[in-house]
Amino acid sequence: MNTPPQCPVCGMDNTYFDGTLFICPDCTHEWAAGEENIATGELVVKDSNGNLLQDGDAVILIKDLKVKGSSLVIKKGTKIKNIRLCEGDHNLDCKVDGVGLKLKSEFMKKA
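Okay, so the sequence shown: first residue is 849 according to the numbering used here, each after it adds one.
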């Protein structure tokens, strides 16, 4: 039998599975299977297809994006190299044509 994982919040081994969630009775934290890395503070960013993105990946735009405050439009199919993940609504930090931008991962697919 598999032993349930440690609680990602308090680190105690006294956890159990109730059918849908893992539960820690010590700190009352509940989490679904596969969410251990989310609760530990690791940044999880997915592209439009659900693939996990990492720092340094290359992505391709899936639609034209207008740059706010500028007449610049980034065209569909543009390949963006060496992305950096950051927290917030716009979770990708990158350079496009020499301009530093923060973009949303929902408009990207992994190259």
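For every residue, glycine included, the Cβ atom is placed at its ideal position computed from N, Cα and C.
Taking all protein chains shown into account, decide if residue i is buried (16 or more other Cβ within 10 angstroms of its Cβ) or exposed.
i	result
C858	exposed
F870	buried
D912	exposed
A887	Confidence in A887 is poor, its pLDDT being 49 and thus under 50, which makes the residue's placement unreliable; the coordinate value appears in the next sentence. Exposed, because fewer than 16 other Cβ atoms sit within 10 Å of the Cβ of A887.
T876	exposed
C934	exposed
S918	exposed
Based on Cα-Cα distance, which residue from the options lies nearest to residue i?
i	options	result
D895	E878, K914 and N939	N939
V907	K914, V947, K943 and A880	K943
V921	V892, D905 and L951	L951
C855	N899, D945 and E878	E878
M860	D866, G867 and T851	T851
L949	E890, T868 and K914	K914
Worksheet item: Where are the beta strand (DSSP E) runs, 3 residues long or more, that stay fully inside the stretch 894 to 942, in chain order?
Response: With a minimum length of 3 residues, the unbroken runs of beta strand (DSSP E) contained wholly in the stretch 894 to 942 fall at 907 to 909.
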